[in-house]
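Quick notes on the structure that follows.
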Amino acid sequence: MDAVAYASWLFIVSLGMTLVFGVLKILNMAHGSIYAIGAYAAATAVSLAVSLGLPPAFSLVAMLLSAVAVAVTVGPLLERGLLARYYGRDEVVLLLVTYALFLMLEDVTKLVWGVNPYYVSEPAQLFGNVLFAGMRIGGYDLFLVGLAAVCGLITWYVLNRTTSGKIVLAVIHNPEMSASMGVNIQRVYVVAFTVGVFLAALGGAFTAPMISVQPGLSVSVIIISFAVVIIGGLGSIQGAAVGALVVGAARSLAVHLMPEIELFSIYLVMAAVLIFRPEGLFQSVKARLI
Amino acid sequence: MFSSKSKGNTRYRLLSMLAAAGVLTLAGAAQAEETFKLGVVTFLSGPAAESFGVPAANAAKLMVEQFNKATAPAPYNKPGFGGMKIEMVLVDENGGGAKQVQELRNLYQRENVDAVIGYVGSGDCLAVAPVADELKKFLVLFDCGSPRIFEDASPKYVFRTASHAAMDNVSLVRYLKAHNVKVNTMNLINQDYAWGLDSRADFLAGMANAYPQAKMGADLLPKFGAGQYGTEVSVLGGKQADITYSSLWGGDLQGFLLQGAARGLFKDTTLVLSAADHVLPGLLDKMPDGSIIGARGAYGILSAKSPINDWFQASYQSMHKALPVQAGYRMTQAFMGVKMAVESAMAKNGGKKPTPEQIAEAMRNSTFDTPGGQIRMALGDGHQAIQGTAIGKTKYDAASKRVLAVDVQTFGAECVNPPANMKSMDWIKAGFPGAKCN
Chain G
3 MDAVAYASWL FIVSLGMTLV FGVLKILNMA HGSIYAIGAY AAATAVSLAV
53 SLGLPPAFSL VAMLLSAVAV AVTVGPLLER GLLARYYGRD EVVLLLVTYA
103 LFLMLEDVTK LVWGVNPYYV SEPAQLFGNV LFAGMRIGGY DLFLVGLAAV
153 CGLITWYVLN RTTSGKIVLA VIHNPEMSAS MGVNIQRVYV VAFTVGVFLA
203 ALGGAFTAPM ISVQPGLSVS VIIISFAVVI IGGLGSIQGA AVGALVVGAA
253 RSLAVHLMPE IELFSIYLVM AAVLIFRPEG LFQSVKARLI
Chain U
31 MFSSKSKGNT RYRLLSMLAA AGVLTLAGAA QAEETFKLGV VTFLSGPAAE
81 SFGVPAANAA KLMVEQFNKA TAPAPYNKPG FGGMKIEMVL VDENGGGAKQ
131 VQELRNLYQR ENVDAVIGYV GSGDCLAVAP VADELKKFLV LFDCGSPRIF
181 EDASPKYVFR TASHAAMDNV SLVRYLKAHN VKVNTMNLIN QDYAWGLDSR
231 ADFLAGMANA YPQAKMGADL LPKFGAGQYG TEVSVLGGKQ ADITYSSLWG
281 GDLQGFLLQG AARGLFKDTT LVLSAADHVL PGLLDKMPDG SIIGARGAYG
331 ILSAKSPIND WFQASYQSMH KALPVQAGYR MTQAFMGVKM AVESAMAKNG
381 GKKPTPEQIA EAMRNSTFDT PGGQIRMALG DGHQAIQGTA IGKTKYDAAS
431 KRVLAVDVQT FGAECVNPPA NMKSMDWIKA GFPGAKCN
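Heads up: the sequence lines are chains G and U, in that order. Its first residue numbered 3, the first sequence is counted upward by one per residue in this note's numbering. Its first residue numbered 31, the second sequence is counted upward by one per residue in this note's numbering.
This is the structure we're talking about:
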């Protein structure tokens, strides 16, 4: 259960990262910063909801709305205002641009929200805990498992069962050919990046009730998310799900059986996957387009 | 009547006095205009900023203002440092040891600071101490806890104005024993880096003396900044123990407490936390009542009432709209130590700006009073401070909306710090020989 709960959180965050890489071929280092902004925005929204005397359940809606607000403001702004200027350059340049963005957003969050922590545990308290096999399981953890499943299913459905999704898949497969067929690539890029931002912000927003929201959130998230998407295969949604489960299981087993190798266990699994499947579990070798 | 000779002598004396007065006035004016440039290094960003770095920076700003305006109480009521206006250069500690080494060189060699007060991270302290000695520049470590700095080396220009971390865990063990807390089983959760591992080792060594029968349950070492403690809470919940010890701090401690409380983890175990005062103002009723906490000194809600502490708390609250927590206290005692050392050195050198050697000589083996109690530079050949500390239990007061400390016990410096001739771990393992506890 610990592994599934941890994997659910990881999956929500990693899903956005892998989607952005799949469509835009950008390994977005600023993904963790957007996660942090989502957490801060949710903390502000929940505090506001509580101060207005709104019903406790509304705090869940407030968190969702805050993630949407972050996505629609930050997503298009960053994609159109910054990243679009670097398309066509080497992927390393884009990696460095997002790294610079990561550093800047760290300071932006401090400028906007300060350095003092925010606590918004009210949404988590709504769910209480349940007794399972003699152990208390947090109801909010179970809720996050459901949320992750919903995010994964919606993303899968949209990509595989809708026309818009098929257009996105076409762009992932071959952007030049898609453009020649009349696909508005720019729009796909904006939408895909905004959805990626939404998923990062959603991860942050729904993590906020479990933690103290304060500077430094983004670093640990980005590192562990990289491990997930590399294990699963960069750009693969199924890969992100399996990668999150693998990382969650490795970490939980280590904490239960050998706590001193907790961190090592995650990277051991990643190294093992890369030895046998350098492209990740769900990514096949692709022929280079000339 | 004056003779001509005596008239001449009198005129000569008058002229001499006028000349001397003029020189003194000019010297005074020069001194009044002279500044003491002070580098201050603490976390202004990153995970340690909120808990330690910014409260410490806030205290530094307060000290600069109060000292420059000469509004601090005696014996700190002279303007600036010995009449020299303090000019602070504030530097972010975030970025790791290698960066801090370069930043420290910049402070001394480019900014030409006269002294540096700084460093929260033990790794940073270990990295920068040799640099100060190499450059023969005065450095005061204000916060980091590693005993190794003065137990494994003897830097000449480096001082630490706060006790090292052994005190925190020895006092916790003594508190458990003094209050007859039953400990047959114990769980541990500490971060997997220098601070967490050193704290764990000190606590276990102390418990081996005080509670030899106590059995270990879970012994967890999550990474620094883990954030998610679901699995750890499951493991701890699965191994019920009389106490759960932790040296977690900042966001990690807050996250652990929130997630543990949500799953009822702390209903059947007593939390024993070595450095928890700084999370109380934010957690409020989310902090489990009855938790045994330390603050790495008699600080904040564990501090004793005294005129200097009242002044510090009131002026800090006035400037920063919050009560000071441990890092603010430690920064304050570093400032006070430097002020006393500079002014003591100036008293011996005719009122000139002292050299790093003169400041170091004045600080060695010095004693000074601070809001957190008396500081004695008693270890490490007079370079490492010892101080008293306090441990208490938490109780949320709904009326004042504050977490209060109850059953507070104070410990004298020589009760919870090793003697000068022993390393801290040897002293703990040997059962605290020579400790003076009243």
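Virtual Cβ for every residue (Gly too), placed ideally from N, Cα, C.
Residue i: first and last residue of the uninterrupted beta strand (DSSP E) it sits in
i, result
"S276/U", "273-276"
"K476/U", "There is simply no residue 476/U to check, as chain U begins at 31 and stops at 468 in what is shown."
"V71/U", "65-72"
"F398/U", "397-400"
"N379/U", "Counting along the chain, N379/U falls outside any beta strand (DSSP E), and DSSP gives it neither H nor E."
"T215/U", "215-219"
"T164/G", "Looking at the DSSP string, T164/G is not in any beta strand (DSSP E), and its letter there is neither H nor E."
"N131/G", "131-134"
"M246/U", "245-250"
"Q258/U", "It is not in any beta strand (DSSP E) - Q258/U carries neither H nor E in the DSSP assignment."
"I323/U", "322-324"
Residue i vs residue j beta-carbon contact at 8 Å
i, j, result
"T164/G", "I239/G", "no"
"G236/U", "V203/U", "yes"
"A43/G", "V122/G", "no"
"V95/G", "L85/G", "no"
"G148/U", "E123/U", "yes"
"G255/U", "S49/G", "no"
"V438/U", "A420/U", "yes"
"G257/U", "A78/U", "no"
"L227/U", "N217/U", "no"
"V150/U", "T72/U", "yes"
"N199/U", "S304/U", "yes"
"V197/G", "L21/G", "yes"
"W341/U", "P109/U", "no"
Proximal chain G residues relative to residue i, where beta-carbon distance stays under 9 Å
i, result
"K253/U", "S222, E264, L265"
"G285/U", "M212, I213, S214"
"L288/U", "Y121, S123, A126, P211, M212, I213, S214"
"R293/U", "N131, M137, R138, I139, G140, D143"
"P77/U", "Q216, P217, G218, L219, V221, S222"
"K245/U", "None at all; the shortest Cβ gap to chain G is about 17 Å."
"K316/U", "Y121, S123"
"E123/U", "Per Cβ cutoff of 9 Å: no residues; E123/U is ~13 Å from chain G at best."
Contacts of residue i in chain U (Cβ-Cβ under 7 Å)
i, result
"A7/G", "G260"
"S254/G", "T261"
"W11/G", "Q258"
"V257/G", "L250, T261, E262, V265"
"D143/G", "G260"
Residue i at chain B interface by Cβ criterion, 8 Å
i, result
"Q240/G", "Absent from the structure is chain B; the protein chains it does hold are G and U."
Contacts of residue i in chain G (Cβ-Cβ under 7 Å)
i, result
"V84/U", "V117"
"S264/U", "D4, M137"
"E133/U", "Those do not exist, as E133/U stays about 17 Å from chain G at its closest Cβ, beyond 7 Å."
Extent of the continuous alpha helix (DSSP H) to which residue i belongs
i, result
"L426/U", "Here residue 426/U turns out to be Tyr, not Leu, going by the sequence shown. Note, Y426/U: premise wrong, no alpha helix (DSSP H); beta strand (DSSP E) at 419-427."
"K167/U", "K167/U -> no alpha helix (DSSP H), and no H or E assigned at all."
"L85/G", "Segment: none, L85/G is in no alpha helix (DSSP H) and carries neither H nor E."
"K459/U", "454-459"
"V200/U", "196-208"
"L92/U", "84-98"
"T20/G", "4-26"
"M393/U", "386-393"
"N239/U", "224-240"
Within chain G, the residues that residue i reaches when beta carbons sit closer than 8 Å
i, result
"S176/U", "Simply none; closest approach about 20 Å."
Partner residues on chain U for residue i, Cβ-Cβ distance less than 9 Å
i, result
"K27/G", "Ordered by position in chain U, no residue passes the 9 Å Cβ test against K27/G, which lies about 29 Å from the chain."
Closer than 8 Å at the beta carbon, the chain U residues around residue i
i, result
"P58/G", "Chain U residues near P58/G: none, gap ~15 Å exceeds 8 Å."
Practice item. Please confirm if the stretch 271-279 of chain U is in contact with the stretch 294-304 of chain U, defined as three or more CB-CB distances below 8 Å between the two stretches. Key: yes
Practice item. Mind the definition here: the stretch 28-36 of chain G touches the stretch 194-212 of chain G only if three or more C-beta pairs lie below 8 Å; say whether that holds. Key: yes
Review point. For the 8 Å Cβ check, are there 3 or more pairs between the stretch 270-287 of chain G and the stretch 242-254 of chain G?
Key: yes
Practice item. Check whether the stretch 59-67 of chain G touches the stretch 222-235 of chain G, counting contact only when three or more Cβ pairs, one atom from each stretch, lie closer than 8 Å. Key: no
Exercise for review: Could you tell me whether the stretch 143-163 of chain G touches the stretch 7-19 of chain G, using the rule of 3 or more Cβ pairs below 8 Å?
Suggested key: yes
Check your understanding: Can we say the stretch 205-219 of chain G touches the stretch 251-261 of chain G, given the rule of at least three CB pairs closer than 8 Å?
Key -> no
Review point. Is the stretch 169-185 of chain U touching the stretch 402-414 of chain U, taking contact as three or more C-beta pairs under 8 Å?
Key: yes
**Study point:** Three or more C-beta pairs below 8 Å linking the stretch 352-368 of chain U and the stretch 84-93 of chain U
**Key:** yes
Review point. Would you call the stretch 132-139 of chain U and the stretch 338-357 of chain U in contact, with 3 or more CB pairs under 8 Å?
Key: no
Point to revise | the stretch 164-177 of chain G touching the stretch 87-94 of chain G, judged by at least three CB pairs closer than 8 Å | key: no
Review point. Would the stretch 318-333 of chain U and the stretch 189-202 of chain U be scored as touching if the rule is three or more Cβ pairs under 8 Å?
Key: yes
Review point. Considering only residues of the stretch 170-224 of chain G, which uninterrupted alpha helix (DSSP H) runs meet the minimum length of 4 residues and lie entirely inside it, listed in chain order?
Key: 177-182, 187-209
Check your understanding: At what residue ranges does the stretch 316-363 of chain U contain a whole run of the alpha helix (DSSP H), taking only runs of 4 or more?
Key -> 337-350
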